[in-house]
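J.:
Residue numbers (the working numbering): 170 to 315.
1. Which of the three DSSP states is assigned to residue 306 in this structure?
2. Which whole-angstrom value is the C-beta distance of residue 118 and residue 281, which I expect to be below 8 angstroms?
3. Classify residue 279 as buried or exposed, calling it buried when 16 or more other Cβ atoms lie within 10 Å of its own Cβ.
4. Let me know if residue 184 comes out buried or exposed under the rule of 16 or more other beta-carbons within 10 Å of its beta-carbon.
5. Taking buried to mean at least 16 other C-beta atoms within 10 Å of its own C-beta, is residue 240 buried or exposed?
6. Give the straight-line distance between the Cα atoms of residue 200 and residue 223, rounded to the nearest whole angstrom.
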């Protein structure tokens, strides 16, 4: 079933199951469902990226992290590179020295709405819940550069 606010419909596969009279015994497959968690590090980072004119991984780490996160640099660094691969960001000239000096700017087209795009590392996709679009970016190594 695909969902948008106020609208539910069966997928092609769902219609085939219905037509065949088969019973559905489980939910979505592993890694296919997108969950919405507004308080996650990535969701907070998305809100910060939308507000700031430009940002780096260092900027986001200073703004969002309190030290309790597990591998925040790896999590945010991979998320930034995944969204960049999906076309959300434009890279900027390196303007400051820091451990993670790459700077990014959210493009006008990349600012799709309040819900943070979900990056599914295992499937190599970015799913934008604001637009319903899915970007296949591959399963490249998106860990933070150290």
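Yeah, the Cβ is synthetic: ideal placement off N, Cα and C, and Gly gets one too.
T.: Let me spell this out:
1. Position 137 of the chain shown holds residue 306. The answer is coil: DSSP assigns residue 306 none of H, G, I, E or B.
2. Examination of residue 118 is not possible in this model, given that the chain is present from 170 through 315 alone.
3. One-based indexing of the chain shown puts residue 279 at position 110. Residue 279 is buried by the Cβ-count criterion.
4. Here residue 184 refers to the residue found at position 15 when the chain shown is read from its first residue. By the 10 Å Cβ count, residue 184 comes out exposed.
5. Translated into positions along the chain shown, residue 240 becomes position 71. By the 10 Å Cβ count, residue 240 comes out exposed.
6. As a position in the chain shown, residue 200 is number 31, starting the count at 1. As a position in the chain shown, residue 223 is number 54, starting the count at 1. With a pLDDT of only 46 at residue 200, under 50, the local geometry of the prediction cannot be trusted, and the value read off the model is given with reservation. In a straight line, the C-alpha of residue 200 is about 31 angstroms away from that of residue 223.
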